[in-house]
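I have placed the structure first, in the form of structure tokens, so that the comments after it can refer back to it.
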Amino acid sequence: DAGVTQSPTHLIKTRGQHVTLRCSPISGHKSVSWYQQVLGQGPQFIFQYYEKEERGRGNFPDRFSARQFPNYSSELNVNALLLGDSALYLCASSLGSGGHNEQFFGPGTRLTVL
Amino acid sequence: AQKVTQAQTEISVVEKEDVTLDCVYETRDTTYYLFWYKQPPSGELVFLIRRNSFDEQNEISGRYSWNFQKSTSSFNFTITASQVVDSAVYFCALSEYNTDKLIFGTGTRLQVFP
Numbered sequence: 002d003a004g005v006t007q008s009p010t011h012l013i014k015t016r017g018q019h020v021t022l023r024c025s026p027i028s029g030h031k032s033v034s035w036y037q038q039v040l041g042q043g044p045q046f047i048f049q050y051y052e053k054e055e056r057g058r059g060n061f062p063d064r065f066s067a068r069q070f071p072n073y074s075s076e077l078n079v080n081a082l083l084l085g086d087s088a089l090y091l092c093a094s095s096l097g098s099g100g101h102n103e104q105f106f107g108p109g110t111r112l113t114v115l
Numbered sequence: 294a295q296k297v298t299q300a301q302t303e304i305s306v307v308e309k310e311d312v313t314l315d316c317v318y319e320t321r322d323t324t325y326y327l328f329w330y331k332q333p334p335s336g337e338l339v340f341l342i343r344r345n346s347f348d349e350q351n352e353i354s355g356r357y358s359w360n361f362q363k364s365t366s367s368f369n370f371t372i373t374a375s376q377v378v379d380s381a382v383y384f385c386a387l388s389e390y391n392t393d394k395l396i397f398g399t400g401t402r403l404q405v406f407p
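Protein chains in written order, with our numbering: chain D, 2 to 115; chain L, 294 to 407.
Shown next, in the form of structure tokens:
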């Protein structure tokens with residue numbers, strides 16, 4: 002079975018631009034979470050979506066938004082990019098919602114903002 | 294507030310040595326989950342173990358073992374007879390029962406030299 006997939010793998014943008022990152026969860030998984038990992042740090046939680054509804058939001062500005070589609074895939078959008086948005090963006094999926102569910106991570110999208 | 298502390302930034306060992314990675318957590322919840330993830334240079338987070346707060350039994354999986362002690366709020370990870378392939382960044386993480394949000398530590402970079 003395919004794992005969590007993310008696209009694109011790498012992305013280079015300039016300040017002020019907008020970016021959309023995509024995630025496809027493991028088949029049957031209904032929960033998707035997004036994390037930002039700045040170089041040298043642990044991943045930071047951005048959003049969780051379950052059954053197309055937002056279930057959690059981390060401490061990120063409103064420039065960050067996300068949505069989940071009927072097939073449970075998800076998009077993360079970042080507007081007005083700043084240099085500090087350069088990071089590895091990780092998507093994780095799980096069967097249900099709640100800490101008891103194991104989360105499986107995708108390979109990530111590496112975003113560079115120039 | 295929840296917090297995970299991995300005080301060891303980087304550890305270097307020679308192959309076949311045993312190594313222990315420390316993790317200390319803080320939470321006010323009585324029900325929570327603890328995790329260890331491995332992040333090789335490719336960037337993808339690989340799930341290693343999940344432990345719930347009611348299960349303090351130590352676990353062994355091959356060369357890996359985990360020691361969970363609620364009394365000291367610690368969840369340490371030991372690799373026995375380390376191998377070069379164990380070289381990676383290891384993250385300890387915490388989540389509450391009713392959320393998928395993972396709170397990660399800053400990670401420990403393990404380098405195993407031949």
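We treat Cβ as the ideally placed atom computed from N, Cα and C, and that holds for glycine.
Sheet register partners of residue i (DSSP bridge)
| i | result |
| --- | --- |
| A381 of chain L | L:L403 |
| C260 of chain L | Only positions 294 to 407 of chain L appear in this structure, which leaves residue 260 of chain L out of reach. |
| H101 of chain D | Note: H101 of chain D sits in no beta bridge, so no partner. |
| T298 of chain L | L:V317 |
| E303 of chain L | L:R402 |
| S94 of chain D | D:V33 and D:F105 |
| F328 of chain L | L:R343 and L:A386 |
| T110 of chain D | D:Y90 |
| S8 of chain D | D:R23 |
| Q69 of chain D | D:S75 |
| T371 of chain L | L:T313 and L:S358 |
| E352 of chain L | L:W359 |
Span separating the alpha-carbon of residue i from that of residue j
| i | j | result |
| --- | --- | --- |
| K53 of chain D | S34 of chain D | 12 Å |
| F384 of chain L | P71 of chain D | 32 Å |
| N345 of chain L | P334 of chain L | 28 Å |
| G99 of chain D | E55 of chain D | 13 Å |
| L376 of chain L | Y51 of chain D | Before going further, note that residue 376 of chain L is Gln rather than Leu in the sequence given. Approximately 39 Å, taken between the alpha carbons. |
| R356 of chain L | K309 of chain L | 11 Å |
| R111 of chain D | V307 of chain L | 31 Å |
| Y36 of chain D | I342 of chain L | 19 Å |
| T113 of chain D | E349 of chain L | 42 Å |
| G398 of chain L | G107 of chain D | 19 Å |
| I372 of chain L | P44 of chain D | 23 Å |
| G57 of chain D | A67 of chain D | 11 Å |
| G109 of chain D | F370 of chain L | 25 Å |
| G336 of chain L | A381 of chain L | 10 Å |
| I327 of chain L | L12 of chain D | Residue 327 of chain L is actually Leu in this sequence, not Ile. Straight-line Cα distance between these residues: approximately 32 Å. |
| E352 of chain L | N360 of chain L | 7 Å |
Integer-rounded CB distance, given that residue j should sit under 8 Å from residue i
| i | j | result |
| --- | --- | --- |
| D315 of chain L | S367 of chain L | 7 Å |
| Q295 of chain L | G400 of chain L | About 17 Å separates the two Cβ atoms, so there is no contact after all. |
| H101 of chain D | Y73 of chain D | Going by Cβ atoms, the distance from H101 of chain D to Y73 of chain D rounds to 19 Å, so no, they are not a contact pair. |
| N78 of chain D | T21 of chain D | 5 Å |
| G1 of chain D | S28 of chain D | Lying before the first or after the last residue shown, residue 1 of chain D is absent from chain D, which here runs from 2 to 115. |
| R16 of chain D | L83 of chain D | 6 Å |
| L387 of chain L | V297 of chain L | 5 Å |
Discussion item. Runs of 3 residues minimum, wholly inside the segment 17-64 of chain D: which ones carry the beta strand (DSSP E) assignment?
Written reply: 20-25, 32-38, 45-51 and 54-58
Worksheet item: If contact means a Cβ-Cβ distance below 8 Å, which residues of the segment 67-94 of chain D contact chain L?
Response: L89, L91 and A93
Worksheet entry | the segment 31-47 of chain D: positions lying closer than 7 Å to chain L by Cβ | S32, S34, Q42, G43, P44 and F46
Worksheet item: Given a limit of 9 Å on CB to CB distance, which residues of the segment 325-345 of chain L reach chain D?
Response: Y325, Y326, F328, Y330, Q332, S335, G336, E337, L338, V339, F340, R343 and N345
Worksheet entry | Interfacial residues, the segment 367-396 of chain L to chain D, with Cβ spacing under 8 Å | F384, A386, S388, E389, Y390, N391, T392, D393, K394, L395 and I396
Discussion item. Residues of the segment 94-113 of chain D in Cβ contact with chain L at a cutoff of 8 Å, in chain order, please.
Written reply: S95, S98, G99, G100, H101, N102, E103, Q104, F105, F106, G107, P108, G109 and R111
Discussion item. Any C-beta of chain L within less than 9 Å: which residues of the segment 11-31 of chain D qualify?
Written reply: none
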